[in-house]
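Trainee: Structure provided below as structure tokens; questions to follow.
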Amino acid sequence: MGALGVIVAAPPIAFAQSAGAAPAFVKQTADQLVEIVNGPGTPQEKRPRLLKVIDSAVDVEGIARFCLGAFWQRATPEQQREYIELFHDVLLNNITGKLGDYRGVAFTMGRTTPRGETDAVNTLVTRPNAQPANVDWIVSNAASNPKVVDVVAEGTSLRLTQRSDYASYLHRNNNSVAALIEAMRHQVASFGSG
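Using the numbering used here, you'd call the opening residue of the sequence shown number 229 and step up by one each time.
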């Protein structure tokens, strides 16, 4: 399942002050995503609405930094800035590109499990012609501004998978952050032309 699919299915949410804050945040975010996915319009017409939900509900910068791992400290400030912008674009492109796969998506809220600085909110995601999937939304504990910090679909963490993919790419390319950024530029450009 791609980054788009996992987030559409059930974005993880971080820390909540009260027991009801994280599940309420996940429900609200998932409801917004389901409305966009199942609503009228082409993926490109839905993109601005997706952008608004992602920017308000997901800690894109925090996830991006985590995914780069130790290479974050090796990157110049300019590389860090461009990497975060490209990560944001890649995430949005992945989601937009898979909207059709999720038409008819629905979810059922499950239990919430406190995990230190985050809460894991479980959901069961269903969609036509696909097996139901257990998806945990990992939410930061910032009660005034909770954010999704990871999505775990059927036991697989989106951000850990992405971090591993980036580390493999970097190791194959002389640990060059510039090479990763160039690859991300091409990925973003190919989405726009495809």
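Every residue gets a Cβ at the ideal spot worked out from N, C-alpha and C, and that includes glycine. Note that the structure is a prediction, hence the values are computed from the model and not measured.
Out of curiosity, what's the CA-to-CA distance linking T270 and A250?
Mentor: Taking the sequence shown and counting its residues from 1, the one referred to as residue 270 is at position 42. Taking the sequence shown and counting its residues from 1, the one referred to as residue 250 is at position 22. Note on geometry: alpha-carbon atoms of T270 and A250 lie some 31 Å from one another.
Trainee: Considering only the alpha carbon of each residue, which of F299, Q260, D287, G290 lies closest to P276?
Mentor: On the sequence shown, position 48 is the one that residue 276 refers to. Nearest to P276 by C-alpha distance, out of F299, Q260, D287, G290, is Q260.
Trainee: For I241, which residues in the same chain have their Cβ closer than 6 Å to its Cβ, ignoring the five residues on either side in sequence?
Mentor: Numbered from 1 along the sequence shown, position 13 holds the residue referred to as residue 241. Bear in mind that a pLDDT of 36 at I241, under 50, signals an unreliable position, so the number given afterwards is only what the model happens to contain. Hits under 6 Å: A250, F253, V254, V349, W365, V367, P374, V376.
Trainee: Taking the beta carbon of R309 as the centre, do at least 16 other beta carbons fall within 10 Å, making it buried, or is it exposed?
Mentor: Sequence index remark: in the sequence shown, residue 309 carries index 81 (1-based). So R309 ends up on the exposed side.
Trainee: Taking the alpha carbon of Q256 as the point to measure from, which residue in Q301, M337, G290 has its own alpha carbon closest?
Mentor: Taking the sequence shown and counting its residues from 1, one reaches residue 256 at position 28. Checked all of Q301, M337, G290; the closest Cα to Q256 is M337.
Trainee: Quick one: using the 10 Å Cβ neighbour count with 16 as the cut-off for buried, is V236 buried or exposed?
Mentor: One-based indexing of the sequence shown puts residue 236 at position 8. The predicted position of V236 is uncertain, since its pLDDT is 44 and thus under 50; a value taken from the coordinates is nonetheless stated next. V236 comes out buried.
Trainee: Where do the ends of the beta strand (DSSP E) carrying P342 lie?
Mentor: Walking along the sequence shown from the start, residue 342 turns up at place 114. First-last of the beta strand (DSSP E) with P342: 334–343.
Trainee: Please identify the residue among K274, R391, V318, R343 whose C-alpha is closest to the C-alpha of D418.
Mentor: Residue mapping note: residue 418 aligns to position 190 of the sequence shown, counting from 1. Strictly speaking, residue 418 in this sequence is Ser, with Asp absent from that position. Measuring from the Cα of S418, the nearest candidate turns out to be V318.
Trainee: If you count every other CB in all the chains shown that lies within 10 Å of the CB of H316, and 16 or more means buried, which is it?
Mentor: Here residue 316 is taken as the residue at index 88 of the sequence shown, counted from 1. Label assigned to H316: buried.
Trainee: Under the three-state reduction of DSSP, which class applies to S368: helix, strand or coil?
Mentor: Sequence index remark: in the sequence shown, residue 368 carries index 140 (1-based). Looking at S368 - three-state DSSP - the assignment turns out to be strand.
Trainee: Could you pull the DSSP bridge partners for S385 from this structure?
Mentor: For the purposes of this step, residue 385 is taken as residue 157 along the sequence shown, with counting starting at 1. Residue pairing by DSSP puts S385 in a beta bridge opposite V380.
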